[in-house]
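To start, the structure itself, in structure tokens.
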Amino acid sequence: MDVRTETYQWVKSYIASLPRDQGTFLNEAEIAKEAGASRTPVREAFMRLQSEGLLERIPHRGAYVPPLPDSEIRAVMQARSMIETWAVDTLLTGAKPVPLDELDELLERQVGLWSAPVQFIELDREFHSRIVAAAGNAVIDQFYGELRDRQLRMGVYAVSSTEDRAARVVEEHRQIVDQLRTGDATGARAATDDHLQNTLEAMLG
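Per full-length UniProt numbering, the very first residue in the sequence shown carries number 1; after that it's consecutive.
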């Protein structure tokens with residue numbers, strides 16, 4: 001992994017660990033020292049993370065990570081619900097191929113990451129993104145990717161909210177896959193809705 005990527009991952013993980021209800025200023029020089037990097041890759045990381053909606057750059061000073069109000073969390077989760085229930089419905093009623101092997105593999109990888117919330121949430125994103133992508137609408141797929149970029153801190157907060165939330169997420173994912181495997185569109189929508197509602201409650205908790 002090159003220094004740019006390593007620094008980007010470090011800053012991203014740091015942001016994900018911040019309290020969701022507080023705004024935080026990131027000093028470029030201090031972050032560079034903490035990350036063990038020069039200021040150039042830190043500046044590049046800030047630019048990349050700004051494009052992902054995780055911070056707001058302050059030229060020549062650093063960046064600001066805004067708080068995540070309940071209203072934004074509810075809005076993001078409502079949008080996710082609309083897209084993800086559409087996706088499972090489209091997959092099953094439109095007779096599109098469901099990437100079951102890929103989803104099973106992602107579940108197995110998640111099991112080993114219960115104590116690594118950032119990596120766990122990145123796999124969570126990949127799990128749901130595979131389902132949305134398989135539904136075959138490129139415009140929705142792109143919008144969904146941008147939506148999930150904004151949700152990293154929310155997701156990390158949610159899986160860290162209780163000791164068993166990560167394990168429950170994996171079980172809820174299994175229920176979604178089971179319904180997709182049986183071809184039950186109604187069951188798949190219900191399992192997706194239940195999972196997203198539980199996630200919302202964990203985020204707001």
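Built from N, CA and C at the ideal position, the CB exists for glycine as well. Everything numeric in this text was worked out from a predicted model, so none of it was measured.
If you compare the alpha carbons of Leu91, Pro19 and Leu200 with that of Val177, the shortest gap goes to Leu91. Annotated as distal: Arg130 and Glu84, with beta-carbon spacing of 7 Å or more.
In the DSSP assignment, the residues bridged to Ile58 are Gly62. Residue environment analysis places Gln110 among the buried positions, since at least 16 neighbouring C-beta atoms fall within 10 angstroms of its C-beta. C-alpha of Pro59 to C-alpha of Trp86: approximately 41 Å in a straight line. Between Met82 and Met154, the C-beta gap is not smaller than 7 Å, which leaves the two residues out of contact. The beta-bridge partner set that DSSP reports for Asn27 consists of Gly62.
A distance of 7 Å or more separates the beta carbons of Thr186 and Ala158.
Its Cα nearest to that of Glu201, the residue Asp70 stands out among Pro19, Asp70, Phe127 and Gly136.
A Cβ-Cβ distance of about 6 Å is found for the pair Glu28 and Val42, placing them in contact under the 8 Å criterion.
The Cβ atoms of Thr192 and Val88 lie closer than 7 Å to each other.
Runs of the alpha helix (DSSP H) spanning 4 or more residues and lying entirely within the segment 106 to 170 occur at 117 to 134, 138 to 149 and 152 to 159, in chain order. Rounded to whole angstroms, the separation of the alpha carbons of Leu106 and Leu123 is 7 Å. The three-state reading of DSSP puts Gly187 in helix, counting H, G and I together. Using a Cβ distance threshold of 7 Å, Pro67 and Asp104 do not count as a contacting pair. Ranking Thr40, Ala63 and Gly36 by CA distance to the CA of Leu49 puts Ala63 first. With respect to Phe46, Arg57 sits close: the two C-beta atoms are nearer than 7 Å. Bounds of the alpha helix (DSSP H) holding Arg80 are Asp70 to Thr93.
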